[in-house]
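The next block holds one structure in the form of structure tokens; read it before the comments.
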Amino acid sequence: MISDSTQLEINLDRGFSPQVFGCPHVKQLLASSSREIALRSYRQAALVAVELRHKDTDLSAFEVRRCRSCGEILTTTIICLQCPFVGCRRLRHAESHHTDSSHMFGVDSRTGNLYCFVCCDYIFNHTLEEIRANIELSITMKKLNRHDNISSMTTREDVALLENNARLPPCQAQAGLRGFQNMGATCFMSVILQSLIHNPIIRNDFLRGGHNSMQCTRENCLSCCIDEIFTEFFSSPATTGFGPAQLLTTAWKTQRSLAGYSEQDAHEFLQFVVDQLHATSDQLSLPTENGECGCVMHRAFCGQLESDIICPNCNNTTVTVDPLMDLSLELRDRKLANASRILSLQECLEKFTSPEKLETKYSCSFCGTKQEVTKQLKIKRLPLVLSIQLKRFEHSLKSNKIDDHVPFSVELDMTPYTTRERSKRRYLYELFGVVCHQGKINTGHYTCSMRNREGLWFNFDDSTVTLSSEKEVLASKAYLLFYIVKDLA
Amino acid sequence: MADSQIRAKVHQKLVESGEYERISTHLRQKLVESGWYDQVNQLASEKLRFQDNPNFDKLVDDIEPKALDSVPDEIKLDVLNMIKNFLDGIVEK
């Protein structure tokens, strides 16, 4: 149910993205007799732009997009679509050219996007975007030395067969936005399910039939239950909360401790679901080329953690590599001057990967002496989806919950926490999900915020779904964080 | 050599040596780490929501001054230093 407090106007005929793109001037141009010339010019200009991005130390690439009025090469310039002129934005030379010549369109010399001088805006147009995207693709393929023939194998008959025997899902279902009914302290389940529904890798896998429920003969199959949820959420026009009865029953039958109406830990449930979806996966018996499991859970969440033990006496390093399915981070650093200060996410990751002197002495297998060794953890291979638990629940002498705000950001650079910390290439992640816990340790309530394909954030509180904002999400007291590799976001 | 000629030559050297690319990447990284990128992104999204007939130019005019101003001083100094070091390396005293 979408609450009335949303400020964004939602056009029910078109789902959530108000489809405001294109401009009348570009439309007119492409409908006129100059269409072919325009497309050719655009293709040429876009090629210059995309190539420039891949030749960042090649002076000639910069010279091509030099402003013809002031000669600047290190500034944003617009390539005129109708003549050889190139003008910069900063000193308004591009604008002056438009005024002088009445030429209406230009192409950004770095992004390849079309600019309309009448609308004073970059314009999105499907035809032009297809041209630009193909150029990007061919240049990337060339870079990777791939010569795949990207020809589609589907025939006209195939397309006709699909069109005649399938029906588009109703618009309300296209976003997959729906809440879950709370069936008795089950909010810890709802939030984890939402994190799977809005996880691009998991979602894509289930929606393209990653688990064949029709032919699955397994009893108590969790994959079938999750598949049912995806089918419901992405094809039913209902907007009321969904009661995941089949999932609950299956979960209870698989793990007795989940039965009953007590609140459980969402992180534990996440680990349970990941484990069970792996165990009931169709790909379980098909390992990938390096012998690892090819199921969607492993493909999404599995990375590798390297643990180095260094002997201070002989400097020998013992390296162990273990699979990594999620990161659990301590929120305080006892070694700091202010030991009780709550760290930010980046500080937690820093602490997690910083060398630590172990208090118990170990016998070094290399030099034979007993030493206080140093241990250091580093991520050897990053997963596509990073699931992070902030350890807010302390179970020491007295069970305590750390309720402070832990600062985190939408973009996360994981490079410093890997074994390639000095690499030029950055390993960037983008936030797509946050799970929050309100209340005390045993009697609390879970809610979550997830980001959809268009970058809009939504809050999920059992069956209530409301539009949120990035600002609101960043201010929330996160317990679990979900990040995905930036290129896939 | 005229000032404009010197400037052009410096830009040339910046690009060819790969230093332009290095400094750009470094700057971008710092801007993201410090949260500046997120802040400006937020600001832009908010401005767009409440603008009538929004367009790129209007948005830039609206937020560019604030965005430039809010770049942390340490980042400005850091990048200026990188540029200075580069210049020291190529300009004869």
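Protein chains in written order, with this note's numbering: chain A, 282 to 770; chain B, -10 to 82. Think of the CB as a built atom: it goes at the ideal place given N, C-alpha and C, for glycine as much as any other residue.
- Query: If you pair each beta-carbon of the segment -2 to 12 of chain B with each one of the segment 491 to 501 of chain A, do three or more pairs fall below 8 angstroms?
  - Reply: Contact check between the segment -2 to 12 of chain B and the segment 491 to 501 of chain A: fewer than three CB pairs, one atom from each, fall below 8 angstroms, which does not count as touching.
- Query: If you follow the beta strand (DSSP E) that Ser730(A) is part of, which residue opens it and which one closes it?
  - Reply: Segment Gly725 to Arg732, the beta strand (DSSP E) holding Ser730(A).
- Task: With a cut-off of 8 angstroms on the beta carbons, I'd call Leu762(A) and Ile669(A) a contact; round off their distance for me.
- Result: The beta carbons of Leu762(A) and Ile669(A) sit about 4 angstroms from each other, so the pair counts as a contact at 8 angstroms.
- For the candidate residues Ser13(B), Tyr26(B) and Lys19(B), whose alpha-carbon lies nearest to that of Ile72(B)? Of the listed residues, the one whose Cα sits closest to Ile72(B) is Ser13(B).
- Whole angstroms is fine: what's the gap from Ser314(A)'s alpha carbon to Leu320(A)'s? One C-alpha to the other measures close to 11 angstroms.
- Integer Cβ distance of Lys682(A) from Phe674(A), believed to fall under 8 angstroms: Between Lys682(A) and Phe674(A) a beta carbon distance of about 6 angstroms is seen, short of the 8 angstroms cut, so the two are scored as contacting.
- Query: Measuring CA to CA, which of Gln18(B), Gln(-6)(B), Ala(-9)(B) and Glu10(B) is closest to Phe75(B)?
  - Reply: Taking only the C-alpha atoms, the option nearest Phe75(B) is Glu10(B).
- Item | Interface positions of the segment 698 to 725 of chain A facing chain B (Cβ-Cβ less than 7 angstroms), listed along the chain | Going along the segment 698 to 725 of chain A in chain order, one finds Arg707 with a Cβ nearer than 7 angstroms to chain B.
- Helix, strand or coil for Ser432(A) per DSSP? Its pLDDT being 48, under 50, Ser432(A) is placed unreliably by the model, and the measurement read from it follows with that caveat. DSSP places Ser432(A) in coil when its eight states are reduced to three.
- Message: Quick check for students: name the residue ranges of the alpha helix (DSSP H) that lie wholly in the segment 600 to 678 of chain A, counting only runs of 4 or more.
- Response: Listed in chain order, the alpha helix (DSSP H) runs fully inside the segment 600 to 678 of chain A are 626 to 633, counting runs of at least 4 residues.
- Task: Look up Ala585(A) in the DSSP assignment and say whether it is helix, strand or coil.
- Result: The sequence shown places Gln at residue 585(A), rather than the Ala named in the question. For Gln585(A), the secondary structure class from DSSP, reduced to helix, strand or coil, is strand.
- Message: Can you look up His559(A) in the DSSP assignment and give me helix, strand or coil?
- Response: Helix, per DSSP.
- Message: Less than 7 angstroms between the C-beta atoms of Met578(A) and Leu558(A), yes or no?
- Response: In this structure, the beta-carbon distance from Met578(A) to Leu558(A) falls below 7 angstroms.
- Task: Identify the contact partners of Ile765(A) in chain B, using a Cβ-Cβ distance below 9 angstroms as the criterion.
- Result: At a beta-carbon threshold of 9 angstroms, none of the residues of chain B lie near Ile765(A); the nearest stands roughly 16 angstroms away.
- Going by beta carbon distance, what residues of the same chain come within less than 7 angstroms of His374(A), once the five residues before and after it are set aside? Here the set comprises Cys348, Ser350, Cys351 and Gly368.
- Message: Please classify Arg38(B) as buried or exposed, where buried requires at least 16 other C-beta atoms within 10 Å of its C-beta.
- Response: Around the Cβ of Arg38(B), a 10 Å sphere holds fewer than 16 other Cβ atoms; the residue is exposed.
- Query: Is it a yes or a no for the segment 625 to 640 of chain A touching the segment 694 to 714 of chain A, going by three-plus beta-carbon pairs under 8 angstroms?
  - Reply: By the Cβ criterion, the segment 625 to 640 of chain A is in contact with the segment 694 to 714 of chain A, since at least three pairs of Cβ atoms, one from each stretch, lie closer than 8 angstroms.
- Task: Express the C-alpha separation of Ile416(A) and Phe386(A) in angstroms, rounding to a whole number.
- Result: Rounded to whole angstroms, Phe386(A) to Ile416(A) spans 20 angstroms at the Cα level.
- Task: For the beta strand (DSSP E) containing Ala759(A), list its first residue and its last residue.
- Result: Segment Ala759 to Val766, the beta strand (DSSP E) holding Ala759(A).
- Taking the alpha-carbon positions, what's the Ser646(A) to Asp589(A) distance? Counting only the Cα atoms, Asp589(A) lies some 14 angstroms from Ser646(A).
- Query: Which residue from Leu658(A), Val388(A), Asn723(A) and Glu509(A) puts its Cα closest to that of Thr599(A)?
  - Reply: In this structure, Leu658(A) is the residue among Leu658(A), Val388(A), Asn723(A) and Glu509(A) with its C-alpha nearest to the C-alpha of Thr599(A).
- Message: Measuring only the C-alpha atoms, how far is Leu663(A) from Gly725(A)?
- Response: Each residue's alpha carbon lies about 32 angstroms from the other.
- Query: Thinking just about the alpha-carbon of each residue, which of Gly524(A), Ile482(A) and Val691(A) is nearest to the one in Met774(A)?
  - Reply: The first residue shown for chain A is 282 and the last is 770, placing residue 774(A) beyond what the model contains.
- Same chain, Cβ closer than 6 angstroms to Asp51(B), five either side skipped, listed in chain order: These residues qualify, in order along the chain: Lys36.
- Query: Is it true that the CB of Leu693(A) sits closer than 7 angstroms to the CB of Tyr764(A)?
  - Reply: Taking 7 angstroms as the Cβ cut-off, Tyr764(A) and Leu693(A) qualify as a contacting pair.
- Task: Going by DSSP, name the residue or residues bridged to Cys397(A).
- Result: Note: Cys397(A) sits in a beta bridge opposite Phe386(A) and Asp402(A).
- Compare the C-alpha of Lys721(A) against each of Asp546(A), Arg537(A), Thr512(A) and Ser562(A) and name the closest. Here the closest residue by C-alpha is Asp546(A).
- Item | Backbone CA spacing between Gln772(A) and Ser749(A) [nearest angstrom] | Because chain A is modelled from 282 through 770, residue 772(A) falls outside the range shown and cannot be assessed.
- Task: Please state whether DSSP places Lys47(B) in a helix, a strand or coil.
- Result: Shown here, Lys47(B) sits in a helix according to DSSP, grouped into three states.
- Message: Taking CB distances under 7 angstroms as the criterion, tell me whether Asp27(B) reaches chain A.
- Response: Chain A, which has a Cβ nearer than 7 angstroms to the Cβ of Asp27(B), makes this yes.
- Message: How far does the beta strand (DSSP E) with His718(A) in it extend, from its first residue to its last?
- Response: Where His718(A) is concerned, the enclosing beta strand (DSSP E) stretches over Leu709 to Gly720.
- Query: Helix or strand or just coil, what does DSSP make of Glu692(A)?
  - Reply: When secondary structure is reduced to three states using DSSP, Glu692(A) falls in the strand class.
- Item | Cut-off 6 angstroms between Cβ atoms - residues of its own chain near Val472(A), not counting five sequence neighbours on either side | Same-chain partners within the cutoff: Ala547, Val716, Tyr727 and Cys729.
- Query: Under three-state DSSP, which class holds Thr598(A)?
  - Reply: Note: Thr598(A) maps to strand in three-state DSSP.
- Check whether the Cβ of Asp46(B) lies closer than 7 angstroms to any Cβ atom in chain A. Taking Cβ atoms only, chain A reaches closer than 7 angstroms to Asp46(B), which makes this a yes.
- Message: Judging by CA-CA distance, which residue of Gly575(A), Cys583(A) and Ser644(A) is the nearest neighbour of Val654(A)?
- Response: Ranking the options by Cα distance to Val654(A), first place goes to Ser644(A).
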